[in-house]
Amino acid sequence: MTKIAVIIGSTREGRSTDKLAKWVAAEAAKVAEVETLDLRDYPMPFYEEAGSARYMPDRKAPAPIQKWLDALTGFDAFIIVTPEYNRSMTGVLKNAIGRRRPRDR
């Protein structure tokens with residue numbers, strides 16, 4: 012069965028995103044196995060590494076980032092539920108998406 016992650020892309024107090032994500036997850040669960048990933052559960056520093064994984068494939072990700080990367084493993088698809096801020100996605104979501112697993116050797 013297809014495995015889908017619904018990512019809640021906001022961490023602000025009083026957000027409505029989690030309510031919409033719950034509905035999206037329920038609809039997706041009709042056709043796939045679904046898990047919700049809330050970025051509140053994965054607090055990550057904002058780019059404190061020396062460089063990106065693209066240019067440093069041998070780097071070891073710090074523990075909070077590795078926790079996020081491990082959570083993404085095994086999904087066939089992702090649905091991101093996020094509000095719009097200043098005509099773009101949230102900073103915390105940009106930070107999470109910008110992380111990538113170092114290349115396998």
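Throughout the sequence shown, residue numbering follows this note's numbering, covering 12 to 116 in sequence.
C-beta: ideal position from N, C-alpha, C; glycine also.
From 21, 109, 34, residue whose alpha carbon lies closest to that of residue 83: Looking at the Cα atoms, 109 is the closest of the given residues.
Can you say whether residue 45 is buried or exposed, counting buried as having 16 or more other CB atoms within 10 angstroms of its CB? Around the beta carbon of residue 45, a 10 Å sphere encloses 16 or more other beta carbons of the protein chains shown; the residue is thus reported as buried.
Return the CA-CA distance between residue 56 and residue 36, expressed in angstroms with no decimal places. The straight-line gap separating the alpha-carbon atoms of residue 56 and residue 36 is approximately 27 Å.
Buried or exposed for residue 102, going by 16 or more other Cβ atoms inside 10 Å? So residue 102 ends up on the exposed side.
Where residue 98 falls: helix, strand or coil (DSSP): Note: residue 98 maps to coil in three-state DSSP.
Whole angstroms is fine: what's the gap from residue 17's alpha carbon to residue 38's? The alpha-carbon separation between residue 17 and residue 38 amounts to approximately 11 Å.
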